[in-house]
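Residues in the sequence shown are numbered consecutively from 0, following numbering that gives the first Met the number 0. Some notes on the structure that comes next.
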Amino acid sequence: MTSSRTSPGTIDLGHQGFGAMRLRENDSSDPDRDPFRVIGAALDAGVRMIDTADAYQNEDLVGRAIAPHRDDVVLASKFGLVWHDDVTGNFDIRADAEYVRQACEASLRRLRTDRIDLYYLHHRSETIPIEETVGAMADLIAAGNIGAIGLSNVTAEDLRRAHAVHPVAALQEQWSLSERSIENTLAQTAAALGITVVAHSPTSHGALHGSTSDEREDDPRQAALREIAAAHDASVGQIALAWVHSRGPSFGGDVVPLPGTTRVGHARANVAAASINLAPTELARLSDTWSTNA
Numbered sequence: 000m001t002s003s004r005t006s007p008g009t010i011d012l013g014h015q016g017f018g019a020m021r022l023r024e025n026d027s028s029d030p031d032r033d034p035f036r037v038i039g040a041a042l043d044a045g046v047r048m049i050d051t052a053d054a055y056q057n058e059d060l061v062g063r064a065i066a067p068h069r070d071d072v073v074l075a076s077k078f079g080l081v082w083h084d085d086v087t088g089n090f091d092i093r094a095d096a097e098y099v100r101q102a103c104e105a106s107l108r109r110l111r112t113d114r115i116d117l118y119y120l121h122h123r124s125e126t127i128p129i130e131e132t133v134g135a136m137a138d139l140i141a142a143g144n145i146g147a148i149g150l151s152n153v154t155a156e157d158l159r160r161a162h163a164v165h166p167v168a169a170l171q172e173q174w175s176l177s178e179r180s181i182e183n184t185l186a187q188t189a190a191a192l193g194i195t196v197v198a199h200s201p202t203s204h205g206a207l208h209g210s211t212s213d214e215r216e217d218d219p220r221q222a223a224l225r226e227i228a229a230a231h232d233a234s235v236g237q238i239a240l241a242w243v244h245s246r247g248p249s250f251g252g253d254v255v256p257l258p259g260t261t262r263v264g265h266a267r268a269n270v271a272a273a274s275i276n277l278a279p280t281e282l283a284r285l286s287d288t289w290s291t292n293a
């Protein structure tokens, strides 16, 4: 496989990535839950991008898991969230130039590598101009520490201002049948600037993988997923993921879904979803029944 980097600041992310947010060391005897096997299965199935973050507290694990495949992996990580007392939602945002350098150095050590192919600001800052943050990230590219710049949890205006400082390669935001706020402005802005959208949580954190006990049998949204899944001999989660794969042409840009899992079997099923060709009528039915006005 050729290098993941093409020219400074640009990157080939492949057709689908793997989100490692929930991966943890596993002491069970179940090989299906072995995090090294999970990442290996995704890579064997053709995934190139493995995505983590310092906030996920698993960079060391990811670094060890990809070590045998490092030259074939597009490694993505993020910085900017500073957690306190391991309490969910209790964090500060650091995006100043000094912290950008410190965070990158720390992630490189934990990931056991000399470069992070795609480095994201995890969340916009209300106090530090994004120009300062991206300028410091551009310095990391010049030093060879990172290959390309990504942004996450930002506004369309943030995206334009950042891109004016240095080309932004990727925008990572949530995008699924049940979460489509990116379609209001961000997707169009990214497409206009030539920025790839990395769609995290494409099955809505797993909620679209199957029925729940409180679902109504006559819910037209769930019925659409079930019926289309049956027609393709696929799971409802695979159909939800295939729908996200289809969104790029609708907005004139590139969309790379980023599903995550802690199981080998699910990793393979997620990759297989990229090969499901939904008919225009099926795509329209899903889009209409899952619209925010439905």
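We put the beta carbon where it would ideally sit given N, CA and C, even for glycine. All of these numbers come straight from a predicted model, not from anything done at the bench.
Inter-residue spacing [alpha-carbon to alpha-carbon] between residue i and residue j
{"i": "T154", "j": "A161", "result": "11 Å"}
{"i": "T288", "j": "S76", "result": "35 Å"}
{"i": "V196", "j": "E182", "result": "11 Å"}
{"i": "W174", "j": "D26", "result": "33 Å"}
{"i": "A96", "j": "H121", "result": "14 Å"}
{"i": "A94", "j": "I129", "result": "8 Å"}
{"i": "D116", "j": "G18", "result": "15 Å"}
{"i": "E104", "j": "F78", "result": "11 Å"}
Assigned secondary structure, residue i (DSSP; H/G/I helix, E/B strand, else coil)
{"i": "V99", "result": "helix"}
{"i": "V72", "result": "coil"}
{"i": "L12", "result": "coil"}
Local Cβ density within 10 Å of residue i, reported as buried at 16 or more and exposed below that
{"i": "R123", "result": "buried"}
{"i": "R23", "result": "exposed"}
{"i": "T126", "result": "exposed"}
{"i": "D59", "result": "exposed"}
{"i": "A223", "result": "buried"}
{"i": "E178", "result": "buried"}
{"i": "N144", "result": "buried"}
{"i": "E281", "result": "buried"}
{"i": "P256", "result": "buried"}
{"i": "V53", "result": "The question names Val, but residue 53 in the sequence shown is Asp. Buried, by the Cβ-count rule."}
N- and C-terminal bounds of the alpha helix (DSSP H) containing residue i
{"i": "H162", "result": "155-164"}
{"i": "P219", "result": "219-230"}
{"i": "G39", "result": "34-43"}
{"i": "V235", "result": "235-244"}
Assumed close pair residue i, residue j - CB separation to whole angstroms, cut-off 8 Å
{"i": "L185", "j": "V167", "result": "Incorrect: roughly 12 Å between the Cβ atoms, too far for contact."}
{"i": "G45", "j": "V270", "result": "6 Å"}
Beta strand (DSSP E) segment containing residue i, residue limits
{"i": "D91", "result": "90-92"}
{"i": "V196", "result": "195-199"}
Residue i CB to nearest heavy atom of the ligand ATP below 7 Å
{"i": "R160", "result": "Inclusion of the ligand ATP in the displayed structure is not the case, the ligand content being empty and no account of it being possible."}
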